[in-house]
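Notes follow once the structure below has been shown.
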Amino acid sequence: MKIGNSMQLLSKIRRHRVILSAQISLTNRCNERCIHCLICKHPAQELNTVQVKDMLSQLKELNCMELTFTGGELMLRRDIFEILERARENGFSIGVFSNGTLINEKAARALKKAAVSDVQISLYGATAATHDAITRLPGSFRRTKNALRALKEQKIRFHVATIVMRRNRHEVLSLKAWAKKSGIDIVFDVIIRPRNDGNMEILKNRLHDSEIGIMDRLRPGYLMRPKSAVKYFNKSQLCIHNLGRYNIYISHDGTVFPHIDVMISLGNIKNEGLRDIWFYSKQAEYIRNLRFEDFRCSTCKEYRRCAWNPGLALQEHGSLFERPQELCRFVLKS
3 MKIGNSMQLL
13 SKIRRHRVIL
23 SAQISLTNRC
33 NERCIHCLIC
43 KHPAQELNTV
53 QVKDMLSQLK
63 ELNCMELTFT
73 GGELMLRRDI
83 FEILERAREN
93 GFSIGVFSNG
103 TLINEKAARA
113 LKKAAVSDVQ
123 ISLYGATAAT
133 HDAITRLPGS
143 FRRTKNALRA
153 LKEQKIRFHV
163 ATIVMRRNRH
173 EVLSLKAWAK
183 KSGIDIVFDV
193 IIRPRNDGNM
203 EILKNRLHDS
213 EIGIMDRLRP
223 GYLMRPKSAV
233 KYFNKSQLCI
243 HNLGRYNIYI
253 SHDGTVFPHI
263 DVMISLGNIK
273 NEGLRDIWFY
283 SKQAEYIRNL
293 RFEDFRCSTC
303 KEYRRCAWNP
313 GLALQEHGSL
323 FERPQELCRF
333 VLKS
């Protein structure tokens, strides 16, 4: 599809408020205790199987096409394959985020049967010593590597995701080389976010200014647009123009958010229908009416180059409208 036609299609989708994709957290439980994890493990009532299936039906009625299931570690749910099977029956394209430690040959076959189109596996080092020190789960490196082999044997599309931090910075280039040699797609993220209860303790794992140079050899695409694309960029492609328009995030307890980074509650599907939340929530309408000029980033000369994310500003500074200083730090020093 030509760029002009695709932009017209997205514009039409935004006007009609079609939910193209939904990211769904099925649990906040996890068997790993990663040093950089932003998820608080406070007990919360997870949606049960019936509630999750009803949510999938509501998403289908709203013409949603793509689902990404995540956690915590979603493989801890005993009903995970029942849920994935229902998603397949409803015709969704299905993605899964996992740490891989619970994906054995049997689980990989079940993922294949559920027609999962892509699996993202977290891997934080090129050695067991580094990876296991980050996850704080002995043996997790070995189990995650076994999961990759099991997925490959079932010919399930997958990729590896890595957070670059102080603890593993010395191994990320080796990890990139291993992925290339193995024919495995790998993506790097360097933004460590505050915990979702506001605790800043985990930010000590962020790279120091002197270590940012490693990005010249990794180049996560979400940080900066390629120079060749900047001249074609316009304001309608900014993240804020997508918020509350065709993406949605639903947490493990049923709370609905406009984006996984923008933790502004629009409502809870335990209390009201998803259609009512999506179309009539006052918070959703407020977010949809925001303009680029409302944000401090609108005055920055780098906005065409920077893949700006107001959700990070909300997490860092408690306000959507501030400049996300951690993103500025990488963009301005690169």
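Numbering (the working numbering), first residue to last: 3 to 336. All C-beta atoms in this analysis are idealised placements derived from N, C-alpha and C, irrespective of residue type, glycine included. Being a predicted model, the structure only gives us computed values, none of them experimental.
Which residues in the same chain as serine 300 place their Cβ atom closer than 8 Å to its Cβ, once the five residues preceding and following it in sequence are excluded? Numbered from its first residue, the sequence shown carries residue 300 at position 298. Phe294.
Around the Cβ of glutamate 63, are there at least 16 other Cβ atoms within 10 angstroms (buried) or fewer (exposed)? Reading the sequence shown from its first residue, position 61 is the one you call residue 63. The residue is exposed, with fewer than 16 neighbouring Cβ atoms inside 10 Å.
Quick check: what's the CA-CA separation for glutamate 203 versus glutamine 317? What you label residue 203 is simply residue 201 of the sequence shown in a count that begins at 1. What you label residue 317 is simply residue 315 of the sequence shown in a count that begins at 1. Glutamate 203 and glutamine 317: Cα-Cα distance of roughly 13 Å.
Whose C-alpha, out of Leu28, Gln122, Thr129, is nearest the C-alpha of phenylalanine 83? On the sequence shown, residue 83 is found 81 positions in, with the first residue counted as 1. Comparing Cα positions, the closest option is Leu28.
Does the distance from the C-beta atom of leucine 322 to that of arginine 195 stay below 8 Å? Translated into the one-based positions of the sequence shown, residue 322 becomes position 320. Translated into the one-based positions of the sequence shown, residue 195 becomes position 193. For leucine 322 and arginine 195, no; Cβs fall outside 8 Å.
On the DSSP bridge assignment, give the partners of isoleucine 2 in chain order. Absent from the structure is residue 2, since the part of the chain shown begins at 3 and ends at 336.
What number of angstroms, rounded off, separates the C-alpha of lysine 115 from the C-alpha of valine 98? Residue mapping note: residue 115 aligns to position 113 of the sequence shown, counting from 1. Residue mapping note: residue 98 aligns to position 96 of the sequence shown, counting from 1. For lysine 115 and valine 98, the distance between alpha carbons rounds to 14 Å.
Residues sharing a beta bridge with asparagine 65, DSSP: The residue given as residue 65 occupies position 63 in the sequence shown. Beta-bridge pairing links asparagine 65 to no other residue.
Does the count of Cβ pairs from the stretch 148-163 and the stretch 112-128 closer than 8 Å reach three? yes
Would you say proline 260 and isoleucine 289 are within 8 Å of each other, going by their C-beta atoms? Within the sequence shown, the letter at position 258 stands for residue 260. Within the sequence shown, the letter at position 287 stands for residue 289. For proline 260 and isoleucine 289, yes; Cβs fall inside 8 Å.
CA-CA distance, methionine 167 and leucine 245? Within the sequence shown, numbered from 1, the residue matching residue 167 stands at position 165. Within the sequence shown, numbered from 1, the residue matching residue 245 stands at position 243. For methionine 167 and leucine 245, the distance between alpha carbons rounds to 28 Å.
In chain order, which beta strand (DSSP E) runs of at least 3 residues are fully inside the stretch 80-142? 95-100, 120-124
Assuming aspartate 191 and isoleucine 165 form a contact by the criterion Cβ under 8 Å, report the distance between their Cβ atoms to the nearest whole angstrom. Within the sequence shown, the letter at position 189 stands for residue 191. Within the sequence shown, the letter at position 163 stands for residue 165. 5 Å between Cβ atoms; contact.
Please determine, among Lys303, Ile21, Leu329, the residue with the shortest C-alpha to C-alpha distance to proline 312. Residue 312 sits at position 310 when you count from the first residue of the sequence shown. Considering only alpha carbons, the answer is Leu329.
Reference arginine 307; option with closest CA among Gly320, Arg325, Leu292, Val333: In the sequence shown, the residue the question calls residue 307 occupies position 305. If we check each option's Cα against that of arginine 307, Val333 comes out closest.
Does the beta-carbon distance from lysine 182 to leucine 220 come in below 8 Å? Numbered from 1 along the sequence shown, position 180 holds the residue referred to as residue 182. Numbered from 1 along the sequence shown, position 218 holds the residue referred to as residue 220. Contact: no.
Return the bridge partner residues of isoleucine 216 from the DSSP annotation. Locating residue 216 in the sequence shown gives position 214, counting from the first residue. Beta-bridge pairing links isoleucine 216 to no other residue.
Please give me, in chain order, every unbroken run of the alpha helix (DSSP H) with length at least 4 that falls completely inside the stretch 237-298. 276-282, 284-290
Using 10 angstroms around the beta-carbon of glutamine 25, count the other beta-carbons present and answer buried if the total reaches 16, otherwise exposed. Translated into the one-based positions of the sequence shown, residue 25 becomes position 23. Result: buried.
Can you tell me where the beta strand (DSSP E) holding alanine 309 begins and where it ends? Taking the first residue of the sequence shown as 1, we reach residue 309 at position 307. No beta strand (DSSP E) holds alanine 309; DSSP gives it neither H nor E.
Any idea what DSSP makes of glutamine 156, helix, strand or coil? On the sequence shown, residue 156 is found 154 positions in, with the first residue counted as 1. Three-state DSSP puts glutamine 156 in coil, outside helix and strand.
Is glutamine 47 helix, strand or coil by DSSP? Start at 1 with the first residue of the sequence shown, and residue 47 comes out as number 45. It is coil, neither helix nor strand.
So, helix, strand or coil for leucine 71, using DSSP? Reading the sequence shown from its first residue, position 69 is the one you call residue 71. Sequence check: residue 71 is phenylalanine here, not leucine. Of the three classes helix, strand and coil, the one that applies to phenylalanine 71 here is strand, per DSSP.
Exposed or buried, aspartate 134, counting other C-beta atoms within 10 Å across all chains shown (16 or more means buried)? Start at 1 with the first residue of the sequence shown, and residue 134 comes out as number 132. By the 10 Å Cβ count, aspartate 134 comes out buried.
Looking at isoleucine 21: is its Cβ nearer than 8 Å to the Cβ of leucine 61? Residue mapping note: residue 21 aligns to position 19 of the sequence shown, counting from 1. Residue mapping note: residue 61 aligns to position 59 of the sequence shown, counting from 1. Cβ atoms of isoleucine 21 and leucine 61: closer than 8 Å.
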